[in-house]
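Numbering (the UniProt record's numbering), first residue to last: 1 to 1103. The C-beta atom is built at its ideal place from N, Cα and C for all residues, glycine as well.
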């Protein structure tokens, strides 16, 4: 029974917002009566908050059939993908058998599963978010129907059926009452018939709980294998599952999507939905004319706009407690905490507009609109709004602090400007020059001869001297009407861009429009340009005029305010500041004078800087810019780049790096159709060769070696020496004293975070804190340390862990920036700690497999890099396999406590060539009965071009909303670890046939690993083979041949045990925990997060 506070029959437990509820059973002790709870490896991959979707690899019962000779085939539709494409071509869904249950639909009771119709009281639970019932059957998926729904719908609370063994219990924490099932777990009480439900933090972790009658160290999550534990929600019988309705994962995804608009939609409505074919036309490499261009991109922009609107308008929160203050400009400031941000449900940025409402009893209802000026960070969890002044300021309810609600004010400005730019491109002959016009459409046109007098000196005032590659890039740009500059990390592309702008101004005597997709990038470039002595104006959106930046003094509104040449404007501005408002006549006059002053400043400027969307500001509509430079252009969607280009450009410079993260596209269908590809990338695919800057000044040479070889054909040269990038004053246990990098092997388990859509890893978070503390003690300043993690759940948990367990000053930990890979792009820190998070047996590594994301993460550090991760899991992916070999060859792959790091003896098996890992289960037919390569999209798989190579990566996680088209071939003349690669072009546009490949043919044998046979093939580790003296691979050895058919595999230990195997051994051994059963002893703080060399190879030593 379950002990509750009310009845002493149910005690419930919940996990902290920073923690997930998905944890390996081997981490906790169970009493014999609870040891029968089913446990096993599950297929849960790719959850991400940033990232708002889940991708799973189909293993075990959920695995779809894969051709026996087709190891490279990948699965496109995943049950665990929240935002998987829910619409299907008409013909595809019409052919589907919706699998009607044998019993009449009308006979199903109200508590029947909304997916499959199963209605056994012990097997169903009620979702309190939508009042629908779901069962614990899996069908064709790898997760139970109830967990599948909770994740997709972002619901978190459930109630058991009244006729179930435990009655109509609402699952909640015994101590604090939290009902988030992703946070809840149980602890066996001293009585064999009672379990206690507690939340992991703070309740289960609270020291006061030690006085209770249960052992909190035995806490176990309620959800294992993406299903509730069977003693809580039983698995339906085989007979019930045979009679049930069978829905494919895409059909479930479609049904969930329909419920967002119609909560009463049923499976029968899927047939009607199948008649609507809303698949967008994919982008092309070339276009017939601008109308063709507009007809392709217009619907994609509209699709993204509608999705963004729906997402923002759904993000409201009630019951807020606020705090009032006044800003320096006498405007009201209001601060409050948004709990949806903590759970990853809300994305917020400075400048966003929000509406605040009061509906309490202390005064009449009120609402006001303001701009976000501060978002949560390490120092505070509060959001701060600056309210817009609107008439009588006395109505603002500053005396009230409770009963407020907040929602987003969605604006279509950016999308409208994209659509207008494409329309202008089509109808205005003067929008771009003829040459640019045809190049943008992909037409083959010869560039007209262009006479250019090159400057005698390329270096400019206020900026560093240039190197040879930068000078070559500037020469090429000045003599070409359309140029691409590729700036790998740390190569000085901002300095190069500023120098180009200086020469364009001096040579052409025309204004230059400088844009970038983000305000941060614009500010950085604006500051560099100002140093050259040019007259620069920073044009900002009205909503950001009060946001402080390093170039605020260059902002247009500041230059107008500081301009005292117009006495009348100065007087009116002063009067408005004092009174807060002007009479209607004075206000009209004030606006007229302000517009005139802005127009004069803009026309007299040498350079105008703004975001790409800002280029559509009405204040620039009457201006023509002959020269346009777009920095970070690879982070802009193509229609966004068009906004500044249609202002009369004749010379265009696109600066970026298509080997780093691409545009942010929220709508999966729009991204899949190609909206996530930048103009820069499309021009590269059109064989317009970018000019690459090849001397990097950021990283220690040992840190630049791998990115150079893997992503840039080995072309990066070091502009800094080993000595210049070695901090000998920092006492840190680098494995090789003059090589400041290491990969610290951690085998802690990944868990689902509170949001249900992200991951965290408590072991890695604890060790991040230890590393940061060690840096502090060595004299490194907090602001010089950066912590990167791909998952929001881990980011939040690391911040919490450092505050709660850090032994240094709390304020120091607050100053350490902990952020996603995306947030760190374009930035650098002296020392970087990278937490990989993913650690599982067969769920994969999600979007960690994105080479662009890894490239960014590896290239942020100047003086030192520490990577924390599970090499056994990561090495199964080809890209990470080579990274780990790189670290191992340099003796920088270590394990053990931080105080006594030892070189890891782990041997790597052959990486899985297909990114979706194979399972150990026999092949199964495809869900829905479709043959391989025909998944709702006609003949051939959507991903037929993906040969499984790292270099042909397309993200498996839509939460990885960055484009991953484009990339680098590999120069096989570089280090031996890359010799198995063949040069290949990264995938082109959707619908465009890829360049043929010479390696890894479908069905052929994959390239052999340099570290022995695959664990997937042999089921045993090479390390174990070396321990028992198997031929081919010894300790630290390298072999191109794994254990042959003559190897005696019976004496080898399994690479890892499934949860059920671990539990079985534990029970059979009478609760004794030894290295053989995978439970391991409790280590001290440093030890318990890592394995010994032996345990790391045989699968023991789990925390």
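Ranked by how close their Cα comes to the Cα of residue 506, the residues 851, 487, 461 and 778 have 461 in first place.
Bridge partners of residue 133 according to DSSP: 126. One alpha carbon belongs to residue 559, the other to residue 591, and they sit about 15 Å apart. A distance below 8 Å between beta-carbons, with the five flanking residues on each side excluded, links residue 682 to the following residues of its chain, in chain order: 283, 285, 442, 638 and 989. Per DSSP, residue 539 lies in no alpha helix (DSSP H) and is assigned neither H nor E.
By the neighbour-count criterion, in which a residue is buried when 16 or more other Cβ atoms sit within 10 angstroms of its Cβ, residue 783 is exposed. DSSP places residue 796 within a helical segment (H, G or I) once states are collapsed to three. Residue 826 sits in coil when the DSSP states are folded into three classes, being neither helix nor strand. A distance of 7 Å or more separates the beta carbons of residue 644 and residue 894.
Between residue 640 and residue 610, the gap from beta carbon to beta carbon reaches 7 Å or more.
Between the stretch 743-751 and the stretch 521-528 there are fewer than three inter-stretch CB-CB distances shorter than 8 Å, so the stretches are not counted as touching. Within a 10 Å sphere around the beta-carbon of residue 585 sit fewer than 16 other beta-carbons, which makes this residue exposed. In this structure, 642 is the residue among 821, 589, 642 and 440 with its C-alpha nearest to the C-alpha of residue 424.
Here residue 374 is actually not in contact with residue 365; their C-beta atoms are around 26 Å apart, not less than 8 Å.
Distance from the CA of residue 774 to the CA of residue 319, rounded to the nearest whole angstrom, comes to 42 Å.
In this structure, the CA atom of residue 447 is about 34 Å from the CA atom of residue 697. Using a Cβ-Cβ distance cut-off of 8 Å, the stretch 704-712 and the stretch 725-735 are not in contact, since fewer than three pairs of beta carbons, one from each stretch, lie closer than that value. Runs of the beta strand (DSSP E) lying entirely within the stretch 500-562 and spanning at least 3 residues, in chain order: 512-516 and 536-538. Partner residues in the beta bridge of residue 404, as assigned by DSSP, are 320 and 358. Boundaries of the beta strand (DSSP E) around residue 863: 861-869. In the three-state DSSP reduction, residue 741 falls in the strand class (E or B). If the five residues before and after residue 887 are omitted, its C-beta is found closer than 6 Å to the C-beta atoms of 743 and 893, all from its own chain and listed in chain order.
Annotation: the stretch 765-823 contains the following complete segments of the beta strand (DSSP E) (minimum length 3 residues), in chain order: 785-788 and 817-819.
DSSP links residue 326 through a beta bridge to 332. Nearest to residue 157 by C-alpha distance, out of 165, 905 and 171, is 171. Using a Cβ distance threshold of 7 Å, residue 871 and residue 884 count as a contacting pair. For the 7 Å CB-CB criterion, residue 866 and residue 833 form a contact.
A straight-line Cα-Cα distance of about 13 Å links residue 217 and residue 196.
Residue 247 and residue 116 have their C-alpha atoms some 7 Å from each other. Comparing alpha carbon positions, the residue from 680, 657, 803 and 719 closest to residue 493 is 657. In the three-state reduction of the DSSP assignment, residue 458 falls in the coil class. In the DSSP secondary-structure assignment, residue 630 is bridged to 515 and 654.
Between residue 821 and residue 785, the gap from beta carbon to beta carbon reaches 7 Å or more. The alpha carbon of residue 648 has as its nearest neighbour, out of 679, 421 and 473, the alpha carbon of 421. Residue range 468-478 is occupied by the alpha helix (DSSP H) that includes residue 468. Following the DSSP letters along the chain, one finds residue 678 in no alpha helix (DSSP H), marked with neither H nor E.
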